[in-house]
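**Q** Take this structure first; my questions come after.
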Amino acid sequence: MGRIGKERTDVAHAEADLTALQQQHAALEAELADEIAALESKFDAGAIAVEQSEIKARKSDTEVTDLALVWQPA
Amino acid sequence: MPLPSYEKLGVFYLGREYDPATQQLGDELLYDSRDLTTHAVCIGMTGSGKTGLCVSLLEEAAIDGIPAIVIDPKGDIANLALTFPQLRPQDFKPWVDAGEASRKGQSVDEFANATATTWRKGLEEWGQDGARIQRLRDAAVVDIYTPGSNAGRPLSILRSFAAPDPMVANDATALKERVGSAVAGLLGLLGVDADPIRSREFILLSALLDAAWRNGESLDLAALIRSVQKPPFDKVGVFDVESFFPAKDRTELALRINGLLASPGFEAWLAGDALDIQSLLYDAHGKPRIAIVSIAHLNDAERMFVVTLVTNELVAWMRRQSGTTSLRAIFYMDEVFGFFPPSAMPPSKLPMLTLMKQARAFGLGVVLATQNPVDLDYKGLGNAGTWFIGRLQTERDKARVIEGLLGSDPAGGMDKTQLESAMSSLPQRTFLMRNVHDAAPVLLRTRWALSYLRGPLTSAEIAQLAAAEGKVSPPPAPAAVTGPARAATPHAPPKASGSRPIVPAGVPEKFMAAAGNQGVEYEPRIGARVRAHFVDTRAGLDAWENWYYLAPLTAQGPAWEAAEICNADAIQLLDAPAANATFADVAGSAIAAKAFAQHGKSLADHVYRTSSLSIMRCPDLKLTSAPGGSESEFRARLALALREKRDAAVDALRRKYASKLDTPGTGRARRNRSWCANKSSRASRRCRPRSAWGAACSVRCSAAAAAARSARRRPPRGAWAASARSGPTSRMPKPT
Numbered sequence: 001m002g003r004i005g006k007e008r009t010d011v012a013h014a015e016a017d018l019t020a021l022q023q024q025h026a027a028l029e030a031e032l033a034d035e036i037a038a039l040e041s042k043f044d045a046g047a048i049a050v051e052q053s054e055i056k057a058r059k060s061d062t063e064v065t066d067l068a069l070v071w072q073p074a
Numbered sequence: 075m076p077l078p079s080y081e082k083l084g085v086f087y088l089g090r091e092y093d094p095a096t097q098q099l100g101d102e103l104l105y106d107s108r109d110l111t112t113h114a115v116c117i118g119m120t121g122s123g124k125t126g127l128c129v130s131l132l133e134e135a136a137i138d139g140i141p142a143i144v145i146d147p148k149g150d151i152a153n154l155a156l157t158f159p160q161l162r163p164q165d166f167k168p169w170v171d172a173g174e175a176s177r178k179g180q181s182v183d184e185f186a187n188a189t190a191t192t193w194r195k196g197l198e199e200w201g202q203d204g205a206r207i208q209r210l211r212d213a214a215v216v217d218i219y220t221p222g223s224n225a226g227r228p229l230s231i232l233r234s235f236a237a238p239d240p241m242v243a244n245d246a247t248a249l250k251e252r253v254g255s256a257v258a259g260l261l262g263l264l265g266v267d268a269d270p271i272r273s274r275e276f277i278l279l280s281a282l283l284d285a286a287w288r289n290g291e292s293l294d295l296a297a298l299i300r301s302v303q304k305p306p307f308d309k310v311g312v313f314d315v316e317s318f319f320p321a322k323d324r325t326e327l328a329l330r331i332n333g334l335l336a337s338p339g340f341e342a343w344l345a346g347d348a349l350d351i352q353s354l355l356y357d358a359h360g361k362p363r364i365a366i367v368s369i370a371h372l373n374d375a376e377r378m379f380v381v382t383l384v385t386n387e388l389v390a391w392m393r394r395q396s397g398t399t400s401l402r403a404i405f406y407m408d409e410v411f412g413f414f415p416p417s418a419m420p421p422s423k424l425p426m427l428t429l430m431k432q433a434r435a436f437g438l439g440v441v442l443a444t445q446n447p448v449d450l451d452y453k454g455l456g457n458a459g460t461w462f463i464g465r466l467q468t469e470r471d472k473a474r475v476i477e478g479l480l481g482s483d484p485a486g487g488m489d490k491t492q493l494e495s496a497m498s499s500l501p502q503r504t505f506l507m508r509n510v511h512d513a514a515p516v517l518l519r520t521r522w523a524l525s526y527l528r529g530p531l532t533s534a535e536i537a538q539l540a541a542a543e544g545k546v547s548p549p550p551a552p553a554a555v556t557g558p559a560r561a562a563t564p565h566a567p568p569k570a571s572g573s574r575p576i577v578p579a580g581v582p583e584k585f586m587a588a589a590g591n592q593g594v595e596y597e598p599r600i601g602a603r604v605r606a607h608f609v610d611t612r613a614g615l616d617a618w619e620n621w622y623y624l625a626p627l628t629a630q631g632p633a634w635e636a637a638e639i640c641n642a643d644a645i646q647l648l649d650a651p652a653a654n655a656t657f658a659d660v661a662g663s664a665i666a667a668k669a670f671a672q673h674g675k676s677l678a679d680h681v682y683r684t685s686s687l688s689i690m691r692c693p694d695l696k697l698t699s700a701p702g703g704s705e706s707e708f709r710a711r712l713a714l715a716l717r718e719k720r721d722a723a724v725d726a727l728r729r730k731y732a733s734k735l736d737t738p739g740t741g742r743a744r745r746n747r748s749w750c751a752n753k754s755s756r757a758s759r760r761c762r763p764r765s766a767w768g769a770a771c772s773v774r775c776s777a778a779a780a781a782a783r784s785a786r787r788r789p790p791r792g793a794w795a796a797s798a799r800s801g802p803t804s805r806m807p808k809p810t
């Protein structure tokens with residue numbers, strides 16, 4: 001194979017490499033986009049659940065002090 | 075349906091990059107929301123497109139769930155309330171300018187139709203539609219507050235000079251700033267010179283507020299007037315009060331403040347929602363709010379007063395927040411001229427400077443917009459991480475901006491001539507964006523606003539808007555601490571006998587203060603302090619609550635179910651009754667020593683049976699609301715926690731993919747493609763030639779990337795920046 005032929009082959013190989021890299025890159029980008037999309041739903045503030053609950057006072061810890069007869073103006 | 079490419083996590087879609095040489099638009103310009111924590115200034119002459127840019131920025135923040143407080147001196151930003159998802163001509167019709175329609179030879183209907191079409195097309199050109207407008211409306215509420223007027227939502231500016239948070243009260247510098255600004259604002263409203271060194275009025279009012287606030291007391295104007303007449307201290311500095319500010323002069327000052335209080339229409343300043351920053355940022359259900367404080371209807375002194383109070387409140391609120399690197403909220407002020415000047419010291423300047431210097435650590439982004447850079451204090455400019463520079467008219471303005479750009483930073487390799495040239499030829503809606511997180515400035519063409527930009531809204535139009543939209547958000551939710559049940563049925567008052575009953579030994583007797591000191595009639599009650607303990611290990615809650623119970627006394631004993639329950643710290647009891655008081659009968663059996671001792675037990679039992687602490691919890695984030703906190707506060711806390719987690723997750727993703735995407739060879743493969751799927755990525759944005767010209771400088775970019783990584787900066791975004799860094803456009807490689 002002559003020099004020109006060898007260079008043509010090199011160019012073809014380089015182009016094939018480039019195409020492969022571009023495909024690899026596109027796949028990575030798509031993967032990243034998917035993961036970002038998954039994050040978007042995971043961190044949706046509107047969808048976050050909030051529970052309401054009532055907590056009773058602890059009987060043993062309830063303290064009553066300063067008990068007094070208080071005169072209140074009518 | 076996939077979201078548009080600009081709809082990414084934590085980024086604001088502001089527009090597209092613009093190449094002045096080809097006059098072509100490039101890639102979408104996605105601004106990392108976290109960059110706004112280092113604040114921004116927007117400068118441009120009238121007609122440069124400032125309003126459009128800033129409205130877009132606020133829209134993007136709202137879509138991302140970030141609330142904002144906006145001070146609107148002109149009425150332009152109120153346009154944020156004009157959002158019409160269906161883009162129907164009839165939506166636009168009430169708001170189009172009939173005069174403009176007439177000038178164009180069209181009927182109002184025709185003009186509204188044309189405007190709706192223009193808006194629809196404009197949005198389409200920028201990849202947006204009515205669904206995005208709906209998304210904006212769903213994400214946040216827009217409320218227009220009009221202090222001193224009932225046109226929009228009234229805002230109670232003058233209800234009280236509320237005592238600041240203990241954190242501020244215990245910080246000498248912060249308290250001094252707060253007092254100084256409040257007094258200067260009030261004196262400005264009265265038209266009194268507010269020199270902090272020479273003005274007697276300033277010094278006296280400062281001393282009064284300082285004394286009250288140190289004791290945790292709030293003052294309303296009436297209390298302030300009384301304090302001016304009878305100060306609660308004898309000396310000011312080394313002088314006694316009479317020598318420093320004689321009673322006659324103090325009365326004159328009190329009369330001036332009273333004149334303000336008695337002026338027609340003054341009640342509007344006292345009505346409406348309290349000036350509470352958290353309630354302004356989130357509605358009662360925790361939905362983010364864009365709170366627009368419109369001051370267009372006020373005179374200069376009133377404007378200064380409102381701006382000073384709002385910014386002071388913001389400083390106080392900011393200091394109560396935890397630190398964060400995510401953007402928590404935005405404070406935006408349009409047309410800042412006169413409020414943040416370079417050399418003068420109006421009362422608004424100090425709190426604004428404090429915000430510019432300290433707000434970053436708390437995730438509060440400050441955005442200031444003005445027509446002339448000379449309107450802004452240089453320290454403020456120096457603290458702004460992002461500059462949006464639109465068309466400027468005068469050489470002085472350009473020189474000031476260039477001085478700032480070259481002085482604070484190397485301006486991405488651009489020299490004075492290049493900056494001058496860039497700024498003189500900026501078309502409308504085009505801005506030079508200098509972001510300290512990027513290595514070089516970029517030219518930005520702003521996107522089409524989702525809101526209908528129809529120009530300033532008048533008070534009448536704001537009232538019309540409020541009526542049409544029913545924009546009266548529910549008041550803030552009450553605190554979540556429910557405590558025990560309160561008095562439901564009034565008990566019949568005992569008969570008055572006149573003389574004071576004899577109380578058995580061992581039964582303490584106390585008296586509540588009466589309004590007057592003569593002819594007081596007392597009724598018997600049983601009072602006690604209660605301390606209750608609420609524990610929930612699963613929720614990580616361990617809280618004590620303190621109450622004071624005051625129950626009517628019947629023959630059977632205290633009626634705890636009908637008791638009044640007060641804050642334990644607020645109750646004040648005296649040891650002696652008022653003079654010449656009369657006393658109601660008291661059942662002897664109820665206060666017999668043995669029976670009296672049982673009352674404590676019965677109260678403890680009643681509290682145990684009836685009291686509960688209402689809390690909210692979020693299992694996903696493992697967070698529990700603070701006892702007494704509102705739903706709004708809790709949801710705001712959740713939103714921030716979620717945003718912080720999201721930002722951390724996005725950063726982790728960037729790190730994961732950065733190494734894969736930066737492998738040798740892929741640099742060449744980056745050519746002619748949009749590299750980063752997530753443009754919010756700081757890491758990914760470091761090297762991302764977005765256009766052909768950008769790709770042509772990829773070698774420069776790669777070299778710059780390493781430097782940028784260490785400097786935490788992103789290299790040039792696009793073609794224009796690259797060409798500017800490389801010199802004349804003609805020497806740049808041709809686009810491929």
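Chains A and B supply the protein sequences, listed in that same order. The first sequence lines up with residues 1 to 74 when you count with the numbering used here. The second sequence lines up with residues 75 to 810 when you count with the numbering used here. From the three backbone atoms N, C-alpha and C, an ideal C-beta is built for every residue, glycine too.
What alpha helix (DSSP H) runs, 4 residues minimum, are completely inside the stretch 453 to 521 of chain B?
**A** Runs of the alpha helix (DSSP H) inside the stretch 453 to 521 of chain B: 469 to 482, 490 to 498.
**Q** Does any residue of chain A have a CB that is nearer than 8 Å to the CB of S685 of chain B?
**A** Judged by the 8 Å Cβ criterion, S685 of chain B is in contact with chain A.
**Q** Taking 8 Å as the cut-off, decide whether the C-beta atoms of L372 of chain B and L264 of chain B are in contact.
**A** In this structure, L264 of chain B does not lie closer than 8 Å to L372 of chain B by Cβ.
**Q** Quick one: complete alpha helix (DSSP H) runs, 4+ long, within the stretch 198 to 279 of chain B?
**A** Whole alpha helix (DSSP H) segments, 4+ residues: 204 to 213, 240 to 243, 246 to 264.
**Q** Taking the C-alpha atoms as reference points, what is the distance between A16 of chain A and E35 of chain A?
**A** Straight-line Cα distance between these residues: approximately 29 Å.
**Q** Can you tell me which residues form a DSSP beta bridge with T698 of chain B?
**A** Beta-bridge pairing links T698 of chain B to B:R691.
**Q** Rounded C-beta distance between Q416 of chain B and D451 of chain B? I'm assuming under 8 Å.
**A** What sits at residue 416 of chain B in the sequence shown is Pro, not Gln. Confirmed, Cβ separation roughly 5 Å.
**Q** From L83 of chain B to R720 of chain B, what distance separates their C-alpha atoms?
**A** One C-alpha to the other measures close to 8 Å.
**Q** Under 8 Å, Cβ to Cβ, is there at least one residue of chain A near I639 of chain B?
**A** By this cut-off, I639 of chain B is not an interface position.
**Q** The stretch 592 to 607 of chain B: which residues have C-beta closer than 9 Å to a C-beta of chain A, in chain order?
**A** Cβ contacts with chain A come from V594, E595, Y596, E597, P598, R599, I600, G601, A602, R603, V604, R605, A606, H607.
**Q** The beta strand (DSSP E) that contains I143 of chain B, what's its start and end?
**A** Looking at the DSSP string, the run of the beta strand (DSSP E) that includes I143 of chain B is 142 to 146.
**Q** Taking DSSP's pairing of strands, which residues face W71 of chain A in a bridge?
**A** Note: W71 of chain A sits in a beta bridge opposite B:F585, B:P598.
**Q** Could you tell me which of B:I645, B:E184, B:P338 sits nearest to S223 of chain B, measuring between CA atoms?
**A** Selected option, being the one with the closest Cα: B:P338.
**Q** Restricting to Cα atoms, I'd like to know which of B:G346, B:G254, B:A435, B:R717 is closest to D269 of chain B.
**A** Nearest C-alpha to D269 of chain B: B:G254.
**Q** When the Cα atoms are used, what is the spatial distance from Q22 of chain A to A726 of chain B?
**A** Cα-Cα distance, rounded: 24 Å.
**Q** Does S688 of chain B come within less than 8 Å of chain A when only Cβ atoms are used?
**A** Closer than 8 Å to some Cβ of chain A, the Cβ of S688 of chain B qualifies, so yes.
**Q** By the 7 Å beta-carbon criterion, what residues does the stretch 47 to 68 of chain A contribute toward chain B?
**A** Residues I48, A49, V50, E51, Q52, S53, E54, I55, K56, A57, R58, K59, D61, T62, E63, V64, T65, D66, L67, A68.
**Q** Starting from the beta carbon of P582 of chain B, find every residue of chain A whose beta carbon is closer than 8 Å, and list them in chain order.
**A** Per Cβ cutoff of 8 Å: D66, L67, A68, L69.
**Q** Using beta carbons (cut-off 8 Å, strictly below), is M64 of chain B in contact with chain A?
**A** In the structure displayed, chain B extends from 75 to 810; residue 64 of chain B sits before or after that span and is not available.
**Q** Within 8 Å of any Cβ in chain A, is that where the Cβ of C692 of chain B sits?
**A** Yes, C692 of chain B counts as interfacial toward chain A.
**Q** Anything in chain B within Cβ reach of E15 of chain A, meaning under 8 Å, just list it in chain order.
**A** Per Cβ cutoff of 8 Å: no residues; E15 of chain A is ~12 Å from chain B at best.
**Q** Within the chosen definition, does the stretch 615 to 626 of chain B reach the stretch 689 to 709 of chain B through at least 3 CB pairs nearer than 8 Å?
**A** The stretch 615 to 626 of chain B is in contact with the stretch 689 to 709 of chain B.
**Q** Counting only Cβ pairs nearer than 7 Å, list the residues of chain A close to K734 of chain B.
**A** Correct list: L28.
**Q** State yes or no: is the C-beta of V64 of chain A within less than 8 Å of the C-beta of L624 of chain B?
**A** Not a contact, by the Cβ cut-off of 8 Å.
**Q** Which two residues bound the contiguous beta strand (DSSP E) that contains K124 of chain B?
**A** Taken as a continuous stretch (DSSP letters only), K124 of chain B belongs to no beta strand (DSSP E), being part of the alpha helix (DSSP H) at 124 to 137.
**Q** With distances taken Cα to Cα, identify the nearest neighbour of V215 of chain B among B:E251, B:P168, B:K250, B:P141.
**A** It is B:P141.
**Q** What is the DSSP secondary structure of R756 of chain B, counted as helix, strand or coil?
**A** Annotation note: pLDDT 39 at R756 of chain B (below 50); position unreliable, coordinate value reported separately. It is coil, neither helix nor strand.
**Q** Taking 8 Å as the cut-off, decide whether the C-beta atoms of P651 of chain B and F585 of chain B are in contact.
**A** Yes, Cβ-Cβ distance for P651 of chain B and F585 of chain B is below 8 Å.
**Q** What span of residues does the beta strand (DSSP E) with T628 of chain B cover, start to end?
**A** That run of the beta strand (DSSP E) goes 615 to 628.
**Q** Given a cut-off of 8 Å, decide if I463 of chain B and W343 of chain B are closer than it, judged by their beta-carbon atoms.
**A** Contact: no.
**Q** Any C-beta of chain B sitting closer than 8 Å to the C-beta of A12 of chain A?
**A** No, its Cβ sits nowhere closer than 8 Å to a Cβ of chain B.
**Q** Below 8 Å on the Cβ atoms is my guess for L156 of chain B versus I404 of chain B; work out the distance and round it to an integer in Å.
**A** The Cβ separation is near 20 Å, so there is no contact.
**Q** The alpha helix (DSSP H) with V11 of chain A in it runs from where to where?
**A** 3 to 42 is the extent of the alpha helix (DSSP H) around V11 of chain A.
**Q** Excluding five sequence neighbours on each side, which residues of the same chain lie with their C-beta closer than 6 Å to the C-beta of Q98 of chain B?
**A** Cβ within range, chain order: n/a, list empty.
**Q** Which chain E residues are close to A678 of chain B, counting only those with a beta carbon under 9 Å from its beta carbon?
**A** The structure shown contains no chain E; its protein chains are A and B.
**Q** Quick one: what's got a C-beta closer than 6 Å to A328 of chain B's C-beta in the same chain, skipping five residues either side?
**A** Excluding positions up to five away in sequence, the list reads I299, V302, Q303.
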